[in-house]
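K.L.:
Protein chains in written order, with this note's numbering: chain Z, 1 to 342; chain G, 1001 to 1342.
Ideal Cβ positions, reconstructed from N, Cα and C, are used throughout, including at glycine.
The model shown is predicted, which means the values in this text are computed figures rather than measured ones.
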């Protein structure tokens, strides 16, 4: 496969990418995905496996390397093209410079300070760059997606959790330790509900998929939400999830509607705060929950920003859906390697 | 007065300042203050007047120029030293590049898009730099005060309102329009109380002096807070203020204590969010309310950050009181002119 230095339909990458194809790894709590990605952001080979978190860190790292090798072999067999580096998108918190996963929740037991970049570099014989998944997604949207042409924007993903990334002056805003941008963990509701991180009333606790599900379970446990209790009895053995609460809202359940409405309202008010603090050109909203209900999340946020954000900042900002979908963590490997200048 | 290129007791300015004395103007809603400030951050002459906001924008600008001229004359008479420029700290929102006050609340009626830099430059025959008061304070603390030696910090002032500034990579984080950093206008309490900006449950509405006073009045109006009602009757004709609520808390009034406790708790939870989002080295807390009750505001914030902020970020950050007091908006004129490279 030859990669001509041509431009894509949208005019080519909007920020530096790697000087050739890259191997991309998207290491999530439930899935490991690998791909070969062209400088135009096109996925030309891919593979996927479940994250063997229960088998421990070594098994997870080994599974990553195996998927990357399989993709590299498949791509080489088809086209003879080789990769110039490996870009890894992984759940945080992580130490990007050291190439280490620090203590990601939900991946598996004993997952603490696990080196990922060095073993991958050694096994593949390629330079490796690692970043938090939301930062990689922001780079991808800036290079190929909704944030093309902008230098100051926020990326927010509303899914099982709520994550974020800050791009300022064209570059990722990382903070002294590289862990800035945890937009899901700002307060929106002073007293409740509790957040998975231990904080009270964080945006993630109110507005994320896991937060919505937790609020539904709490409402059921306290004898409220009779409609949700009936729904849950039909779902057994699995427990109620955010999509069930959303479906119950659509079916007219008032308790479900109250939880969903509060989730969207919290999201909207958080957007006001972020507009006031960052004066961004753009807020790009990704993630499965926002994607499934794009207008129902983004429109109230736009209205609330228009209503109360500071004048100059609200005139500037646009709030738009992400464009790159599920592959965002893979194709972001290109600008991630571009940062490294392989 | 000669300004030797010597170092101050703390080792000299920590970031570029002007190559000589500067005239400083601190334009607030209630007071106009002017001073001559040395490169070491020492105020060597000063003057002050009430802001004639009711007399309209022209009167305010004229009063600014008059105060600056008086200070310049007094300094020249004493020492023969002249200033190399004028640094103006003013209430936001403002357009620093255009030198215009956009629509500052509380200054006076018809105060909209008022040019301040050009008339001051013309009257004094000196280059002028304008910035929002909180940004000037952050520069001052970074140059001479609590943020010396740091490159990534937040400055927060808790006073009548709550304002902020972001310094990232050593420089002010301004956003595309220069209005970033409105830290007082992030949500902390989803539903109430209303904020002066129109938003619901913003940090300023819960934790600022004006917010505390407004909550006390609301509690009194709704038939609660009998202790505060008695207090207010003794204060007439003036209305209850934050300092009265604080005094009532100290005197054992439960309603006052609840309002103050919620104000401090909201501040603490907001600090957690800011630590998670910015991964700062330092948070510098200034303003009259935080100064009057430093330990009672900063200690709970430190404890809450230690309890729930993300591990790497919470290990990094320190939360400290501002060092420069009431003159912060004046001595910040030095690094503000340093930015301009007069």
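1) Quick check on DSSP: helix, strand or coil for residue 1051 of chain G?
2) Helix, strand or coil: how does DSSP classify residue 296 of chain Z here?
3) Chain B partners of residue 1199 of chain G, CB-CB under 9 Å?
4) Residue 1322 of chain G to residue 1150 of chain G, Cα distance in whole Å?
5) Anything in chain G within Cβ reach of residue 316 of chain Z, meaning under 7 Å, just list it in chain order.
6) Leaving out five residues before and five after residue 1152 of chain G in sequence, what residues of the same chain have Cβ atoms less than 6 Å from its Cβ?
7) Since residue 1278 of chain G contacts residue 138 of chain Z with CB under 8 Å, what's their CB separation in whole angstroms?
8) Go ahead and label residue 1113 of chain G buried or exposed: buried means 16 or more other beta carbons lie within 10 angstroms of its beta carbon, across all protein chains shown.
9) Determine the closest residue to residue 203 of chain Z out of Z:131, Z:100 and Z:271, with distance taken between C-alpha atoms.
10) Return the residues of the segment 70–96 of chain Z that lie within a Cβ-Cβ distance of less than 7 Å from chain G, sorted by chain order.
11) Does residue 1280 of chain G come within less than 8 Å of chain Z when only Cβ atoms are used?
12) Can you tell me whether DSSP reads residue 186 of chain Z as helix, strand or coil?
13) Please state whether the Cβ-Cβ distance between residue 100 of chain Z and residue 28 of chain Z is less than 8 Å.
14) Kindly indicate if chain Z contains any beta-carbon less than 8 Å away from that of residue 1190 of chain G.
15) Alpha helix (DSSP H) containing residue 211 of chain Z: first to last residue?
16) By the 10 Å Cβ neighbour count, where 16 or more other Cβ atoms means buried, how is residue 1122 of chain G classified, buried or exposed?
17) Could you pull out every residue in the same chain whose Cβ sits closer than 7 Å to the Cβ of residue 1336 of chain G, ignoring the five residues on either side in sequence?
18) Give the interface partners of residue 181 of chain Z over in chain G, defined as CB-CB distance under 9 Å, in chain order.
19) For a minimum of 3 consecutive residues, which ranges assigned as the beta strand (DSSP E) are wholly contained in the segment 1118–1203 of chain G?
20) Any beta carbon from chain G within less than 8 Å of residue 186 of chain Z's own beta carbon?
21) What are the start and end residues of each continuous alpha helix (DSSP H) run of 4 or more residues lying completely inside the segment 1315–1340 of chain G, in chain order?
22) Leaving aside the five residues before and after residue 16 of chain Z along the sequence, list all residues of the same chain whose C-beta is less than 6 Å from its C-beta, in chain order.
23) Grab me the residues of residue 326 of chain Z's own chain with a C-beta within less than 8 Å of its C-beta, minus the 5 sequence neighbours each way, in chain order.
24) Any residues in the segment 1154–1169 of chain G with a beta carbon nearer than 7 Å to a beta carbon of chain Z? Which ones, in chain order?
25) Could you give the residue range of the alpha helix (DSSP H) that holds residue 79 of chain Z?
26) Short of 6 Å in beta carbon distance, which residues of its chain neighbour residue 1340 of chain G, apart from the five on each side in sequence? Order them along the chain.
27) Candidates Z:319, Z:329 and Z:342: which alpha carbon is nearest residue 146 of chain Z's?
28) Does any C-beta atom of chain G lie closer than 8 Å to the C-beta of residue 3 of chain Z?
29) Tell me, which residues are paired with residue 1032 of chain G by DSSP?
30) Taking a cut of 9 Å between CB atoms, which residues from the segment 1097–1115 of chain G lie near chain Z?
31) Could you tell me whether any Cβ in chain G is nearer than 8 Å to the Cβ of residue 331 of chain Z?
32) Just the Cα atoms here: how many angstroms apart are residue 134 of chain Z and residue 1292 of chain G?
33) Nearest to residue 54 of chain Z by alpha carbon, out of Z:207, Z:183 and Z:109?
34) Any Cβ of chain G within less than 8 Å of the Cβ of residue 313 of chain Z?
35) Spatial neighbours of residue 1253 of chain G within its chain, please: CB distance less than 7 Å, with the 5 preceding and 5 following residues excluded, ordered by chain position.
36) I need the straight-line Cα distance from residue 186 of chain Z to residue 25 of chain Z, nearest angstrom please.
P.N.:
Quick answer:
1) coil
2) helix
3) Absent from the structure is chain B; the protein chains it does hold are Z and G.
4) 14 Å
5) 1176 and 1177
6) 1168, 1280 and 1281
7) Between residue 138 of chain Z and residue 1278 of chain G the Cβ distance is about 16 Å, and since that is not below 8 Å, they are no contact.
8) exposed
9) Z:271
10) 93
11) yes
12) coil
13) no
14) yes
15) 209–221
16) exposed
17) 1087, 1129, 1131, 1136 and 1139
18) 1276, 1277, 1278 and 1279
19) 1128–1132, 1153–1158 and 1162–1168
20) yes
21) 1328–1331 and 1333–1340
22) 338
23) none
24) 1168
25) 57–79
26) 1129
27) Z:319
28) Note that residue 3 of chain Z has pLDDT 38, beneath the 50 cutoff, so the model's placement of it is unreliable and the number below is only indicative. Not closer than 8 Å to any Cβ of chain G, the Cβ of residue 3 of chain Z fails to qualify, so no.
29) G:1027 and G:1049
30) 1102 and 1103
31) no
32) 41 Å
33) Z:109
34) yes
35) 1227 and 1228
36) 29 Å
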